[in-house]
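Quick note on numbering: the sequence shown equals residues 6 to 225 in my numbering. Virtual Cβ for every residue (Gly too), placed ideally from N, Cα, C. All figures in this text were calculated on a predicted structure; none of them were measured in a lab.
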Amino acid sequence: MIDKLLQNIAPHHCYSCQIRGNVLCDSCIYNIANDAQNACINCRLPTSSGICNSCKLPFGRSWVIGAREGELAKVIGDFKWSRLRSAHSPLSDLLDIFLPILPSNTVVVPIPTISHHKRIRGYDHADLVARTFAETRGLSKRNFLKRKDNAIQHKANKAERRKQAEKAFYCNKALDPSVPYLLLDDIITTGYTIKAATRVLKGAGAKEIWVAAIARQPLN
Ligand SMILES: [Zn+2]
Ligand SMILES: [Zn+2]
6 MIDKLLQNIA PHHCYSCQIR GNVLCDSCIY NIANDAQNAC INCRLPTSSG
56 ICNSCKLPFG RSWVIGAREG ELAKVIGDFK WSRLRSAHSP LSDLLDIFLP
106 ILPSNTVVVP IPTISHHKRI RGYDHADLVA RTFAETRGLS KRNFLKRKDN
156 AIQHKANKAE RRKQAEKAFY CNKALDPSVP YLLLDDIITT GYTIKAATRV
206 LKGAGAKEIW VAAIARQPLN
């Protein structure tokens, strides 16, 4: 409702083709999702399952829509840091177009946002995308992962990020081992976060974990 009101006062332009309307218009959403090539989430080799044969990863499948560049990077950046709340809708649409049909008992689990960032934004960006995607697909969304502390990753080096990720989450529920869990993250950088989150969910009883993210940090 508030999104709609704001949109009428200050209409957006598509970040990709500049057409007036949403931050990504329907045809640009389709183009981005249809151009997406799934690659191994770890080594970036092209592979349909999102995990190549050489990489040993704790989750069974993964999907990442594209590199964190161009309009995708801009939409995610403004969604996170410029209060572009309405971006949850096109970002969820991208996932909806790109991901295959999932079993109806799949549980969508967002990677929890750092509380400090939630306060700055006024919303939990990851939870919004997870909720919208789950609603679109008729799946349940559960916040099984909690954050232990508010460690901020921005300036950390690789080793520090790994340590932060390993102690970042907990789950205080016993999870049903018979259903698949889809972990949802916005950007995959080192992969430490999703690996740590997967270990926590498995520790709570989950057997099958899948991972979906909107963008991957380009290798440099
Ligand atoms: Zn467009
Ligand atoms: Zn690989």
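How long is the line joining the alpha carbons of Leu-50 and Ile-192, rounded to whole angstroms?
18 Å
Considering Ala-78, what are the terminal residues of the alpha helix (DSSP H) in which it resides?
75–86
Name the residue from Gln-169, Gly-65, Asp-98, Ser-59 whose alpha carbon lies nearest to the alpha carbon of Val-28.
Asp-98
Kindly provide the chain-ordered list of residues whose Cβ lies closer than 7 Å to any non-hydrogen atom of ligand 1.
Cys-19, Ser-21, Cys-22, Ile-24, Leu-29, Cys-30, Ser-32, Cys-33
With a threshold of 6 Å, establish whether the CB of Asn-47 neighbours any heavy atom of ligand 2.
yes
Roughly how many whole angstroms lie between the Cα atoms of Phe-138 and Asn-162?
32 Å
For Val-113: DSSP bridge partner residues
Lys-146, Leu-187
For the candidate residues Thr-141, Ile-125, Asn-110, Lys-153, whose alpha-carbon lies nearest to that of Ile-116?
Lys-153
Between the beta-carbon of Val-113 and the beta-carbon of Leu-62, is there less than 7 Å?
no
Tell me whether Ala-161 sits in a helix, a strand or coil according to DSSP, three-state version.
coil
Would you identify the three-state DSSP class for Pro-95, choosing helix, strand or coil?
helix
Residue of Ser-87, Leu-100, Asn-110, Ala-41 minimising C-alpha distance to Arg-126:
Ser-87
contact_flag[the region 19–28, the region 51–58] where n(CB pairs < 8 Å) is 3 or more:
no
Near Tyr-186, which residues of its chain fall below 6 Å by C-beta distance, leaving aside the five closest residues on each side in sequence?
Val-112, Val-114, Leu-206, Ala-211, Ile-214
Would you kindly work out how many angstroms separate the C-alpha atoms of Ile-102 and Val-80, rounded to a whole number?
17 Å
Cβ of Cys-176 within 6 Å of any heavy atom in ligand 2?
no
Paired residues, beta bridge with Phe-174 - DSSP
Arg-152
Lys-178 to Ile-34 span [Cα, whole Å]
36 Å
By Cβ distance below 8 Å, which residues in the same chain neighbour Ile-56 in space, the five residues on each side in sequence not counted?
Cys-45, Ile-46, Asn-47, Leu-62, Phe-64, Gly-65, Arg-66, Ser-67
In whole angstroms, give me the CA-to-CA distance for Gly-208 and Leu-180.
9 Å
Taking the beta strand (DSSP E) that Ile-46 belongs to, which residues open and close that run?
Unbroken run through Ile-46: none, as it is neither H nor E.
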